[in-house]
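Novice: Under this note's numbering, residues 473 to 604 are what the sequence shown spells out, in order.
Beta carbons are placed, not taken as given, at the ideal position from N, Cα and C, and that holds for glycine.
Take a look at the following structure, please.
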Amino acid sequence: MHPFSIGVLAAALALATAPATASEDIGRISDNIAITVNQTAGALSTVSGDIHLQAKAHSGSLTTVSGDVRLDDGAVAGNVTTVSGDLDGGLGVQSQDVETVSGDVELGHQARTGAITTVSGEVRVGTDSHLA
């Protein structure tokens, strides 16, 4: 396992940077969670904070109730689930299934994902994306 750092932000103020291992799961209530470039994390969850995987970061499942999920170019995630948050994915992102109740889903070109499920949100996918 390779160590990495996780930047936890609240109201744009850095609260902590903690070392972790690839197997660790991270859960927060209202903090934002960011995984840095080329790093790996376990499952990430937050109630009202946002989740951000920077370029080429890897993670297990991503879950948020009202926060948004942002996957930069080349990020890889397990299942992505939000209730009212949006998912914004860059070029070549990969995920398993994406599920949201009222949030929007936008995936860039060459995105790879399984099923995309939404009740009332909009789905926009780049023309070169590969959906299962």
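What does DSSP give as the partner residue(s) for V519 in the beta ladder?
Specialist: Counted from its first residue, the sequence shown places residue 519 at position 47. V519 pairs with nothing; no bridge assigned.
Novice: If you draw a straight line from the alpha carbon of L559 to that of D569, how long is it in whole angstroms?
Specialist: To locate residue 559, count along the sequence shown from 1; it is residue 87. To locate residue 569, count along the sequence shown from 1; it is residue 97. Roughly 12 Å between the two C-alpha positions.
Novice: Could you tell me the distance, in whole angstroms, from the CA atom of T536 to the CA atom of G521?
Specialist: Your numbering for residue 536 matches position 64 in the sequence shown. Your numbering for residue 521 matches position 49 in the sequence shown. Distance between the alpha carbons of T536 and G521: 7 Å.
Novice: Would you mind working out which of H524, L516, D503, L579 sits nearest G564, comparing C-alpha positions?
Specialist: Position 92 of the sequence shown holds residue 564. Nearest C-alpha to G564: L579.
Novice: What are the boundary residues of the beta strand (DSSP E) that includes E578?
Specialist: Position 106 of the sequence shown, counting from 1, holds the residue named residue 578. Element bounds for E578: 577-579.
Novice: Below 8 Å between beta carbons: does that hold for D503 and A515?
Specialist: Stepping through the sequence shown from its first residue, residue 503 is reached at position 31. Stepping through the sequence shown from its first residue, residue 515 is reached at position 43. It is not a contact, given that the beta carbons lie outside the stated cut-off.
Novice: Span of the beta strand (DSSP E) holding I501?
Specialist: Numbered from 1 along the sequence shown, position 29 holds the residue referred to as residue 501. First-last for I501: undefined, no H or E at that position.
Novice: Who are the Cβ neighbours of G557 in its own chain at under 8 Å, not counting the five residues just before and after it?
Specialist: The count along the sequence shown starts at 1 and reaches residue 557 at position 85. Answer for G557: D522, T536, V537, S538, G539, D540, V541, T572, G575, listed in chain order.
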